[in-house]
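One structure is given here, and the rest of the page talks about it.
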Amino acid sequence: MGTFPCNIIYQLHPRQPLVNGIAEGSCYCYLGGSVEQRRRVFSSRRSCSQLAVAAAIVERVRETGSEIEKLRFRWVEVGSDITETQKQAISRLPPKMAKRCKALMRQIICFSPQKGNLSDLLTAWVRIMKPKRADWLLVLKHLRLFNHPFYIEVAEAALLEKTFEASTRDFTKIIHYYGKQNRLEDAEKILLSMKEKGFACDQITLTTMVHIYSKADKLNLAKQTFEELKLLEQPLDKRSYGAMIMAYIRAGMPQEGESILREMDAKEIYAGSEVYKALLRAYSMTGNAEGAQRVFDAIQLAAIPPDEKLCGLLINAYLMAGQTQKVRISFDNMRKAGLEPVDKCIALVLAAYEKENRLNAALELLIDLEKENLMVGKEASEILAAWFKRLGVIEEVELVLREYAMKGASG
Numbered sequence: 155m156g157t158f159p160c161n162i163i164y165q166l167h168p169r170q171p172l173v174n175g176i177a178e179g180s181c182y183c184y185l186g187g188s189v190e191q192r193r194r195v196f197s198s199r200r201s202c203s204q205l206a207v208a209a210a211i212v213e214r215v216r217e218t219g220s221e222i223e224k225l226r227f228r229w230v231e232v233g234s235d236i237t238e239t240q241k242q243a244i245s246r247l248p249p250k251m252a253k254r255c256k257a258l259m260r261q262i263i264c265f266s267p268q269k270g271n272l273s274d275l276l277t278a279w280v281r282i283m284k285p286k287r288a289d290w291l292l293v294l295k296h297l298r299l300f301n302h303p304f305y306i307e308v309a310e311a312a313l314l315e316k317t318f319e320a321s322t323r324d325f326t327k328i329i330h331y332y333g334k335q336n337r338l339e340d341a342e343k344i345l346l347s348m349k350e351k352g353f354a355c356d357q358i359t360l361t362t363m364v365h366i367y368s369k370a371d372k373l374n375l376a377k378q379t380f381e382e383l384k385l386l387e388q389p390l391d392k393r394s395y396g397a398m399i400m401a402y403i404r405a406g407m408p409q410e411g412e413s414i415l416r417e418m419d420a421k422e423i424y425a426g427s428e429v430y431k432a433l434l435r436a437y438s439m440t441g442n443a444e445g446a447q448r449v450f451d452a453i454q455l456a457a458i459p460p461d462e463k464l465c466g467l468l469i470n471a472y473l474m475a476g477q478t479q480k481v482r483i484s485f486d487n488m489r490k491a492g493l494e495p496v497d498k499c500i501a502l503v504l505a506a507y508e509k510e511n512r513l514n515a516a517l518e519l520l521i522d523l524e525k526e527n528l529m530v531g532k533e534a535s536e537i538l539a540a541w542f543k544r545l546g547v548i549e550e551v552e553l554v555l556r557e558y559a560m561k562g563a564s565g
C-alpha cells in the first residue's frame, strides 16, 4: 500500500495530529522560523491538497471505467430462443457467407435495445472478429437487400472504422440514400464529415448534392454546387447537367434549364429522356407552346423517338395557348408517325373542337377513330358528355355514357 507525501510530513513531525492529511497546527510551529522555512511548510500543504484531489479523480475514473465495462456489449452467440421471424431472416443468409459476417448478421437480426446499443455491438465485432473491408461490404449488401432498418446506422458506423477503409464512394452512397428520403440535413452532415476527413468531393458526390438541393427547393445551393462541379478537372456528363436542369424546372424556371440544354447540345452531350420530358411538361403545363415545340424538336435531334405521352404534352401546350389549329396538326402528325393516339390525346383534340364550337369536326374525328377500331376512353367521353349537355342534346349524352359503361364492363 502506498503512502501519500502528506503522511510522510506527519511522520517527520509526529507531535502534530493529522487532520484531513495535514498536520494540525504545523504552520504555527514554524511561524517563528525563517521565511524560507515558512515557504516550505505552505508549499508542502499545497502539494498535499493537489495530490488528494488528483487521487480522488483517479478513483472516480476507475469507478467510471468499471461502470462502462458493465454496460459494454457482451457478445453472446444467438441461441434457439428467438422469434419465428428472426429464424426466417437468418435462414435467408447465404450458406457460403463468411462466418464472421454471418455472426454479425445474426446479432443484428436478433438485436434489441435491452442488449445495449448498436455501436457497442459493432465495436465488439471488430474487436473479436477482426473484419476486413470485404466483410463490411458483404454485411452492408445484405442489410440493404433485407431492407433492414439498421442498414444506414451500420453504414455510418463503418465510416469511422479503420478496418472498413472508407473511400469517397462510401460517403456518396450514404448521401444518396439520404437524398432519396429527402433528408437534407443528414446528407449535409455526411458531406461535412467527408470533407473533415480529407476526402475530396468528386463529380458523383456533387451531382448527388445538386439532386438533393433541387428536391428540397434549395435552388441557390444547387447552383453553388453546380459551380463547384464546373471547377473539377473532369468534364461534366449528362447526369450533372441533367441534375441542374431539373433544379431549374422544379424552381419554375424552365427557360434556364433549356439554356443548359443548348449548352449540352453544343458539346454533343444529350440529356436523358426523363429530363426532356420534364422540360416539355413544364412548358406544356404553363401553355408555353413555343418552348414546348423547341424541346420537342430537341428530343428528335437527340435521336429519342417521341411516344404518345410526349406528343400529348405538345398537344396540351397548344391547347392551353389557344392555338387549336396546331392541336389538330400535332395530332395528325402523331398518327402519321404510326403512333396510336391515347385517350388523353383524343380528349385534347375534342376540347380544341369544343372551344371552336366545331361539333361536326368532332363527329368526323370519332367516325375516323371508329374505322381504325379506336374506342373513346373515359376522359374523352367526359368531354363529349359535358359538351353535349351544354348543347342540350340529352339523348346523345345518354348514348355516350351507356357506351362507356358497356366498354368498362367488358374490359
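Under our numbering, the first residue of the sequence shown carries the number 155, and numbering increases by one thereafter.
Cβ atoms here follow ideal geometry from the backbone N, Cα and C, with glycine treated the same way.
According to DSSP, is residue i helix, strand or coil?
{"i": "L553", "result": "helix"}
{"i": "Y424", "result": "coil"}
{"i": "T218", "result": "Low confidence applies here, because T218 scores a pLDDT of 46, under 50, leaving its location unreliable; read the following figure in that light. Here T218 sits in helix by DSSP."}
{"i": "C355", "result": "coil"}
{"i": "V195", "result": "Residue placement at V195 is flagged as unreliable, the pLDDT there being 46, under the threshold of 50; the coordinate-derived value follows with that caveat. Looking at V195 - three-state DSSP - the assignment turns out to be helix."}
{"i": "A443", "result": "helix"}
{"i": "L225", "result": "Only weak support is given to the placement of L225: the predicted model assigns it a pLDDT of 46, under 50, and the value that follows is read from those uncertain coordinates. Of the three classes helix, strand and coil, the one that applies to L225 here is helix, per DSSP."}
{"i": "E381", "result": "helix"}
{"i": "L455", "result": "helix"}
{"i": "C181", "result": "Confidence is the limiting factor: at C181 the pLDDT is only 42, short of 50, which leaves the residue's position unreliable, though a coordinate-based value still follows. If DSSP states are grouped into helix, strand and coil, C181 belongs with the helices."}
{"i": "P267", "result": "helix"}
{"i": "N574", "result": "With the chain covering 155 to 565 only, the question about residue 574 has no answer from this structure."}
{"i": "M348", "result": "helix"}
{"i": "G175", "result": "Reliability of the predicted coordinates at G175 is poor, the pLDDT of 45 falling under 50, and the value obtained from them is presented with this limitation in mind. In the structure shown, G175 sits in coil (DSSP, three-state: anything other than H, G, I, E or B)."}
{"i": "Q335", "result": "coil"}
{"i": "L292", "result": "helix"}
{"i": "P389", "result": "coil"}
{"i": "G406", "result": "coil"}
{"i": "L415", "result": "helix"}
{"i": "L433", "result": "helix"}
Closest by CA to residue i, which one among the options?
{"i": "D371", "options": "K343, I403, I500", "result": "I403"}
{"i": "R544", "options": "L520, K509, Y472, L519", "result": "K509"}
{"i": "Q409", "options": "S427, K392, Y424, A432", "result": "A432"}
{"i": "S438", "options": "V481, A516, G426", "result": "V481"}
{"i": "K334", "options": "R287, L455, V364, L467", "result": "V364"}
{"i": "L275", "options": "L258, K284, W290, R287", "result": "L258"}
{"i": "F318", "options": "F304, W290, H302, R281", "result": "W290"}
{"i": "V547", "options": "L502, G531, L513", "result": "L513"}
{"i": "D356", "options": "T322, K343, L314", "result": "T322"}
{"i": "Q378", "options": "S266, A397, L297", "result": "A397"}
{"i": "K490", "options": "C465, E310, Y430, N470", "result": "C465"}
{"i": "L297", "options": "A534, R337, F325, C255", "result": "C255"}
{"i": "A456", "options": "P285, L294, Y430, K351", "result": "Y430"}
{"i": "V530", "options": "D497, D522, Y507", "result": "D497"}
Report the CB separation of residue i from residue j in whole angstroms; it is logged as a contact under 8 Å.
{"i": "A405", "j": "A443", "result": "Between A443 and A405 the Cβ distance is about 22 Å, and since that is not below 8 Å, they are no contact."}
{"i": "T359", "j": "S394", "result": "So it is not a contact: roughly 11 Å between Cβ atoms."}
{"i": "I453", "j": "A505", "result": "Not really, about 24 Å apart at Cβ, beyond 8 Å."}
{"i": "S368", "j": "A401", "result": "4 Å"}
{"i": "A446", "j": "L473", "result": "Not quite, the Cβ-Cβ distance comes to about 11 Å (not below 8 Å), so this is no contact."}
{"i": "I399", "j": "A420", "result": "Between A420 and I399 the Cβ distance is about 15 Å, and since that is not below 8 Å, they are no contact."}
{"i": "P495", "j": "E462", "result": "7 Å"}
{"i": "D324", "j": "Y332", "result": "No, D324 and Y332 are not in contact; Cβ-Cβ is about 14 Å, not under 8 Å."}
{"i": "L294", "j": "A278", "result": "The pair is not a contact, with the Cβ atoms about 18 Å apart (cut-off 8 Å)."}
In the DSSP assignment, find the unbroken alpha helix (DSSP H) run with residue i in it and report its ends.
{"i": "T277", "result": "272 to 283"}
{"i": "K286", "result": "That residue, K286, is in no alpha helix (DSSP H); it is neither H nor E in DSSP."}
{"i": "E319", "result": "Here E319 belongs to no alpha helix (DSSP H), and DSSP marks it neither H nor E."}
{"i": "F485", "result": "478 to 490"}
{"i": "V232", "result": "It is not in any alpha helix (DSSP H) - V232 carries neither H nor E in the DSSP assignment."}
{"i": "T239", "result": "238 to 245"}
{"i": "F542", "result": "532 to 545"}
{"i": "V308", "result": "305 to 313"}
{"i": "E518", "result": "513 to 525"}
{"i": "D497", "result": "497 to 510"}
{"i": "L493", "result": "L493 -> no alpha helix (DSSP H), and no H or E assigned at all."}
Could you tell me whether any Cβ in chain C is nearer than 7 Å to the Cβ of residue i?
{"i": "A252", "result": "Given the protein chain composition of this structure (a single chain), no chain C is represented."}
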